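Numbering (this note's numbering), first residue to last: 379 to 477.
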């Protein structure tokens with residue numbers, strides 16, 4: 379493996395994790411103090427007068443809820459796996475640099 383490829387993979391994984399964090403925690407500032415994802419409200423739901431006071435989850439049928447739960451679980455699993463691989467890749471890069 380070349381050091382450039384390892385650096386690219388690490389950057390890609392970091393970008394994906396930041397994107398996932400931005401989706402799961404909108405409006406929370408990024409730890410690194412870098413330019414985080416700005417929450418522009420594009421996907422915020424607006425409640426009109428006919429459904430005001432109704433729990434938005436009640437508007438979804440059970441199949442939609444199950445699919446959302448499955449997607450959330452899948453994203454959590456990917457995030458956990460990527461966090462583990464991030465340390466592994468960093469260890470691998472140190473080995474390449476030390477050669």
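Even for Gly, the Cβ is constructed at its ideal location relative to N, Cα and C.
All of these numbers come straight from a predicted model, not from anything done at the bench.
- Under the three-pair Cβ rule at 8 Å, the region 386 to 400 does not count as touching the region 443 to 452.
- Residue 456 and residue 381 have their C-alpha atoms spaced approximately 24 Å apart.
- Straight across, the Cα-Cα distance linking residue 398 with residue 445 is about 18 Å.
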